[in-house]
Structures are given as structure tokens and as C-alpha cells.
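Undergrad:
Residue numbers (the working numbering): -19 to 79.
1. For residue 54, list the residues DSSP reports as bridge partners.
2. Closest by CA to residue -11, which one among 71, 66, 22, 12?
3. Nearest by alpha-carbon distance to residue 16: which of 10, 8, 9, 26 is it?
4. Nearest CA to the CA of residue 113: which residue from 53, 50, 72, 36?
5. Please check the pair residue 18 and residue 32, which I expect to be a contact at CB under 8 Å, by giving their CB distance rounded to whole angstroms.
6. For the candidate residues 4, 71, 39, -17, whose alpha-carbon lies nearest to that of residue 58?
7. Have a look at 23, 54, 47, 45 and flag the residue whose alpha-carbon is nearest the alpha-carbon of residue 73.
8. Within this structure, are the beta carbons of residue 69 and residue 54 separated by less than 9 Å?
9. Check residue 13 in the structure and name its three-state DSSP category.
10. Quick one: grab the DSSP three-state call for residue 67.
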């Protein structure tokens, strides 16, 4: 299984630890500090785009960004052929504390 396949498979498996570890690896291998040298409230948008692009590698998934859902918007929605759906909310915490 390729790296991107392992990353995508972690989402329906609900394996948050693997998602975090692999996303960290993708970011470490590909971005510069200049890519996220923006205001704190803009950093989340960079990561949103990165995850969106990685998930789009699955041609059998319907991936939507900022889709209207009920009374608000979810960051990323993924619809799979087996009728499984995933809602992804991305948050940036400057100090690493998401509480």
C-alpha cells in the first residue's frame, strides 16, 4: 500500500494517531516555514488545503470543501461509494493545545 493510500485509509478507520503522524510527515517532507509564515488565523487555511489535496487522490471519493451542512459549514466532507461519510474539522493551535 502506498503512502497516500495508507493516509487515506486512516480516515475511514478512524485512526487519528496515524492521520496526525502521516500529515506531520507530509508537512515535514514538503513545506517551508515560509509557507505558514502568515497570521495565526490563516495557518488553518494552509493545512486545510493540504489535507484537501491529499484526500482528492482518491478518485472514488467525493471530497467537498466548506460544504454547507445544516446550520453551518464543515471544513471537509468525504463521501465514499459504500455510503460512508466523513466530516473533517481542522483546527490550528499555536501551543498545540486543542482543549
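The beta carbon of each residue, even a glycine, is placed where N, CA and C say it ideally should be.
TA: On the basis of the coordinates in this document:
1. One-based indexing of the chain shown puts residue 54 at position 74. Looking at the DSSP output, residue 54 shares a beta bridge with 47.
2. As a first step, residue -11 must be located in the chain shown, where it is residue number 9. Out of 71, 66, 22, 12, the CA that lies nearest to the CA of residue -11 is found in 66.
3. Here residue 16 corresponds to residue number 36 of the chain shown, with the count starting at 1. It is 26 whose Cα lies nearest to the Cα of residue 16.
4. Here the chain covers residues -19 to 79 and nothing more, so residue 113 does not appear.
5. Here residue 18 corresponds to residue number 38 of the chain shown, with the count starting at 1. Here residue 32 corresponds to residue number 52 of the chain shown, with the count starting at 1. With a Cβ gap of about 17 Å, residue 18 and residue 32 do not count as contacting.
6. Along the chain shown, one-based indexing puts residue 58 at 78. If we check each option's Cα against that of residue 58, 39 comes out closest.
7. By one-based count along the chain shown, residue 73 stands at place 93. Among 23, 54, 47, 45, the Cα nearest to that of residue 73 is on 23.
8. If you number the chain shown from 1, residue 69 lands on position 89. If you number the chain shown from 1, residue 54 lands on position 74. The Cβ-Cβ distance between residue 69 and residue 54 falls below 9 Å.
9. Within the chain shown, residue 13 is the residue found at index 33, counting from 1. In this structure, residue 13 counts as helix in the three-state DSSP scheme.
10. Taking the chain shown and counting its residues from 1, the one referred to as residue 67 is at position 87. Strand, per DSSP.
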